[in-house]
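Here the protein sequences line up with chains A and B, keeping their order.
Counting in UniProt numbering, the first sequence runs from 1 upward without gaps.
Counting in UniProt numbering, the second sequence runs from 1 upward without gaps.
Here a beta-carbon is modelled for each residue, glycine too, at the ideal position from N, C-alpha and C.
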Amino acid sequence: MSLRVLVGCKRVIDYAVKIRVRPDKLGVVTDGVKHSMNPFDEIAIEEAVRLKEKKIAKEVVAVSCGPTQAQETIRTALAMGADRGIHVEIPAKEMEKLEPLHVSKILAKLAEQEQAELVIVGKQAIDDDSNATAQMTAALLDWPQATFASKLEKTDGELEVTREVDGGLETIKVKLPAVVSSDLRLNEPRYATLPNIMKAKKKKIAKMKPSDLGVNLASHLEVIEVVDPPTREAGIKVEDVDTLVTKLKDSGRI
Amino acid sequence: MIGTLSMRVLRAPLLNTLHRCQPRHNIKAIRSSIRTLVTSIDPSHGLTEEQLAIQELATDFAVKEMLPNMAEWDEKEYFPVATMRAAAALGFGAIYATEDFGGTGLNRLDASIIFEALSRGCTSTTAYISIHNMCAWMIDHFGNPSQREQWVPQLASMEKFASYCLTEPGSGSDAASLSTSAKKDGSDLVLNGSKAFISGGGDTDVYLVMCRTGSDGPRGISCVLVEKGTPGLSFGKKEKKVGWNSQPTRMVIFEDCRIPASNIIGNEGQGFNIAMKGLNGGRINIASCSLGAAQASIENAADHAKVRKQFSKPLASFQNTQFRLAEMSTEVVASRLLVRNAAVALQEDHPDTVTLCSMAKYYATEKCFQVINEALQLYGGYGYLKDYPVQQYLRDCRVHMILEGTNEMH
């Protein structure tokens, strides 16, 4: 059996950018800021491409929900080795209100339409840190889920997935079709090569709207306020361990 | 007056722009709002989507694979073969050689963008990669099908490394006066003479040697390929250098070094022409390396100026610092305009190509060196310490004013 894999890739503010809160305190400044693919999604793409190289997958489809620039993120996925892309266009203004549930509904619908047998997404996006899309996509599809994958192996009709959990590593088996979310140590994403960057230009990206998939973007969440983390205060030097322990107790740290 | 005025206009947003292009620069987001072909202080401005992807790849590689090792390669005089092969696996080994035999098939502007981006990771290593690229192109462009088939794939993958041998102890800028001789003996050529300041010399596998097969002057020169290990080929001591320490430099010596006459690249007597054609691109490449080093130096200096406090204010808040950064940025943008313009001229075979390549090389290597020197100055005493990268950019770029034809020649 050869799988079709659907991979979600979100365009987020680059991890190296210093984040600034918007003056209206309802979000962060995104204008004129470098964006790139969510690092966990890069790992998801890499894993899908490896499955294809091992002939376990027959096709890798990269999906991104977002404004026009999301196509650049899809191109990156295509340059890494995805076969084609689907851009679900969401205007920049609506993007702020896009919730994991919306994305899950889009992914679930696409998984059905594309007859995908495996959906891989990053365990979370580094902008909103929701960590919900994989789980909700699995629920909507009524498929098994294997989240926080650090190793993925295919056995007959099943996936053996090693998960990073608090106590260590947990190995589970899920029947296909399934939804997997990638953790940091699943793999190390490759660089796209120059020839593959050129080839990516010729690969197809289908464009659609959420409404084409029957997904309604009504909000369930409201952002009340976004604030900077508290600025770090100067520390103090203590005489000895006892004073240190007392200070820590006084400040409620231990 | 106008100059002062525009400096002031430039100065205010400059620190922000520098900040914005800081971490891994490239500004896809900005591009969408200010879609333009204008070259600016952000190296990603004015590029197509594809060029941006190429630049992002090169910058990523430079920042992750080269920058963390740059000081060590310099200090230990280490030729980073594995890292260069990793770069070649991405297509950086024969960037503007055709795809016929494994080149990447990009154009000169693409190459300039790549070398500028890689240079921030290690200018010396990037400069060597650019020389290797020049050699790969010379074989791909002027070689016969069997030479191309044999050498281009190995050079594109950097399985084999190449050196360009033109300069001699007695023939520098006056290259056409070279005296290394290649005498016909049956179907062989016998080489005698020596080549000086050869980048990669001794550590590389393939030597493209300009030698005299005929009369005096440029028309008596041919370009031949000599493989390492050929009897009669030897090397001088490894030179101690101010910069460019991640690549060895040695003299290359020929004593009755016998090669088959079929190793002539192009036609007999075409060598000087090939050497000069190679250098047109080589000059753009070297200028691009200076550009990347200057860009990185400005960004480093601007960062430092925002953090370093004197008289209880960040250096960046002093007008003198702002003026300096504005002037430095102006020179970098001017250099970038000239370099990218020359690259386009070369790929489109503009009648003034040679002049434009010379102008770009002269201006960019000169001004970028000054900019890096200014950046070092902004660091004060710290700038002189090897803990900070600017001094290495400075040492590595100093030689760009001397090689590929000294700046007095342009």
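**Q.** Neighbour flag for B/Phe61 against chain A, beta carbons, 8 Å
**A.** Closer than 8 Å to some Cβ of chain A, the Cβ of B/Phe61 qualifies, so yes.
Q. Using 8 Å as the Cβ pair cut-off and three pairs as the minimum, do the region 176-187 of chain A and the region 198-208 of chain A touch?
A. At 8 Å Cβ cutoff, the stretches do not touch.
Q) At a Cβ threshold of 8 Å, is B/Pro23 touching chain A? A) Below a pLDDT of 50, predicted positions are generally treated as unreliable, and B/Pro23, at 43, falls in that range; the measurement from the model is reported next regardless. Judged by the 8 Å Cβ criterion, B/Pro23 is in contact with chain A.
Q: Reducing DSSP to helix, strand and coil, say where A/Val241 ends up.
A: Here A/Val241 sits in helix by DSSP.
Q. Closest Cβ-Cβ distance between A/Thr193 and chain B: below 8 Å?
A. Closer than 8 Å: yes.
Q.
DSSP three-state label for B/Lys28, please.
A. Interpretation of B/Lys28 is limited by its pLDDT of 45, a score under 50 that renders its predicted location unreliable; the figure taken from the coordinates is listed afterwards. In the three-state DSSP reduction, B/Lys28 falls in the helix class (H, G or I).
Q.
So that I know if they touch, is there some Cβ in chain B lying closer than 8 Å to that of A/Ile43?
A. No, because no Cβ of chain B sits closer than 8 Å to the Cβ of A/Ile43.
Q: Tell me whether the beta-carbon of A/Thr73 lies closer than 8 Å to the beta-carbon of B/Leu90.
A: Not in contact: A/Thr73 and B/Leu90 (Cβ atoms no closer than 8 Å).
**Q.** Coarse secondary structure for B/Ile253, derived from DSSP in three states
**A.** DSSP places B/Ile253 in strand when its eight states are reduced to three.
Q. Taking C-beta to C-beta, are B/Gly93 and B/Ser157 nearer than 8 Å?
A. Yes, Cβ-Cβ distance for B/Gly93 and B/Ser157 is below 8 Å.
Q) A/Ala70 versus chain B: which residues are under 8 Å apart at the beta carbon? A) Close to A/Ala70, with beta-carbon spacing below 8 Å, lies no residue of chain B; the smallest spacing is near 11 Å.
Q: Would you verify that the beta carbon of B/Thr104 is, or is not, closer than 8 Å to some beta carbon of chain A?
A: Closer than 8 Å: yes.
Q | Distance between B/Ser177 and B/Ser214 (C-alpha atoms, nearest Å) | A | According to the sequence provided, residue 214 of chain B is Gly. The question's Ser does not apply to it. A straight line joining the alpha-carbon of B/Gly214 with that of B/Ser177 spans about 12 Å.
Q.
Taking 7 Å as the cut-off, is the beta-carbon of B/Val333 closer than that to any non-hydrogen atom of the ligand ATP?
A. In terms of ligand content, the structure shown is empty, and the ligand ATP therefore cannot be addressed.
**Q.** Rounded separation between A/Lys247 and A/Arg232 - CA only
**A.** If you take the alpha carbons of A/Lys247 and A/Arg232, they lie about 17 Å apart.
Q) If we call anything under 8 Å between Cβ atoms a contact, is residue 316 of chain A one with A/Leu3? A) Outside the shown range of chain A (1 to 254) lies residue 316 of chain A, about which nothing can therefore be said.
Q: Determine, using beta carbons only, whether A/Ile86 comes closer than 8 Å to chain B.
A: Among the residues facing chain B, A/Ile86 is not included, as its CB has no counterpart in that chain under 8 Å away.
Q) If we ignore side chains and look at the alpha-carbon of each, how far apart do B/Lys386 and B/Ala62 end up? A) Between B/Lys386 and B/Ala62, the C-alpha separation is close to 19 Å.
Q | Counted within 10 angstroms of its Cβ, other Cβ atoms place B/Tyr379 as buried (16 or more) or exposed | A | So B/Tyr379 ends up on the buried side.
Q) From this set, B/Met134, B/Glu149 and B/Gly193, which residue's C-alpha is nearest B/Ala182's C-alpha? A) Of B/Met134, B/Glu149 and B/Gly193, the smallest CA-CA separation from B/Ala182 is found for B/Gly193.
**Q.** Where the alpha helix (DSSP H) containing A/Ala178 begins and where it ends
**A.** For A/Ala178, no alpha helix (DSSP H) segment is defined; the enclosing uninterrupted segment is the beta strand (DSSP E) at Ala178 to Ser182.
Q.
Residues of the region 72-84 of chain A in Cβ contact with chain B at a cutoff of 7 Å, in chain order, please.
A. Within the region 72-84 of chain A, the qualifying residues are Glu72, Arg75 and Ala79.
**Q.** From A/Leu107, A/Ile45, A/Gly168 and A/Gln115, residue whose alpha carbon lies closest to that of A/Gly122
**A.** Selected option, being the one with the closest Cα: A/Ile45.
Q: Determine, using beta carbons only, whether A/Lys201 comes closer than 8 Å to chain B.
A: Judged by the 8 Å Cβ criterion, A/Lys201 is in contact with chain B.
Q) Which residues in chain B sit within 8 Å of A/Ile197, going by Cβ to Cβ distance? A) Result: Glu50, Ala53, Ile54 and Leu57.
Q) Quick one: which chain A residues come within Cβ less than 9 Å of B/Ala89? A) Near B/Ala89 (Cβ distances below 9 Å), the residues of chain A are Tyr191 and Thr193.
Q. For B/Leu37, is the classification buried or exposed, using 16 other Cβ atoms within 10 angstroms of its Cβ as the cut-off for buried?
A. Classification for B/Leu37: exposed.
Q. Would you call the CB atoms of residue 308 of chain A and A/Val223 closer than 8 Å?
A. Past the boundaries of the shown model lies residue 308 of chain A; chain A is included only from 1 to 254, so the question cannot be answered.
Q. Which residues in the same chain as B/Lys28 place their Cβ atom closer than 7 Å to its Cβ, once the five residues preceding and following it in sequence are excluded?
A. With a pLDDT of 45 at B/Lys28, under the threshold of 50, the predicted position of this residue should be treated as unreliable, though the coordinate-derived value follows. The answer, listed in chain order, is Leu52.
**Q.** Boundaries of the alpha helix (DSSP H) in which B/Ser335 is found, first to last residue
**A.** Segment Gln319 to Gln347, the alpha helix (DSSP H) holding B/Ser335.
Q: Indicate whether the contact test is met: 3 or more Cβ pairs, each with one atom in the region 280-292 of chain B and one in the region 114-131 of chain B, closer than 8 Å.
A: Three or more pairs of CB atoms, one per stretch, sit closer than 8 Å, so the region 280-292 of chain B contacts the region 114-131 of chain B.
Q. How long is the line joining the alpha carbons of A/Ala139 and A/Lys58, rounded to whole angstroms?
A. A/Ala139 and A/Lys58 have their C-alpha atoms some 25 Å from each other.
Q: Kindly give me the distance between the Cβ atoms of B/Thr230 and B/Ile259, rounded to whole angstroms, as I take these residues to be in contact under 8 Å.
A: 6 Å between Cβ atoms; contact.
(Q) Cutting at 8 Å between CB atoms, please list the residues of its own chain near A/Val238, excluding the five before and the five after it. (A) Cβ-Cβ distances below 8 Å link A/Val238 to Leu244 and Lys247 in the same chain, with the five nearest sequence neighbours on each side left out; the list follows chain order.
Q | Cβ pair residue 280 of chain A, A/Val49 closer than 8 Å | A | Only positions 1 to 254 of chain A appear in this structure, which leaves residue 280 of chain A out of reach.
Q) Taking three-plus beta-carbon pairs below 8 Å as touching, is the region 139-158 of chain B in contact with the region 96-108 of chain B? A) Verdict: yes, contact present.
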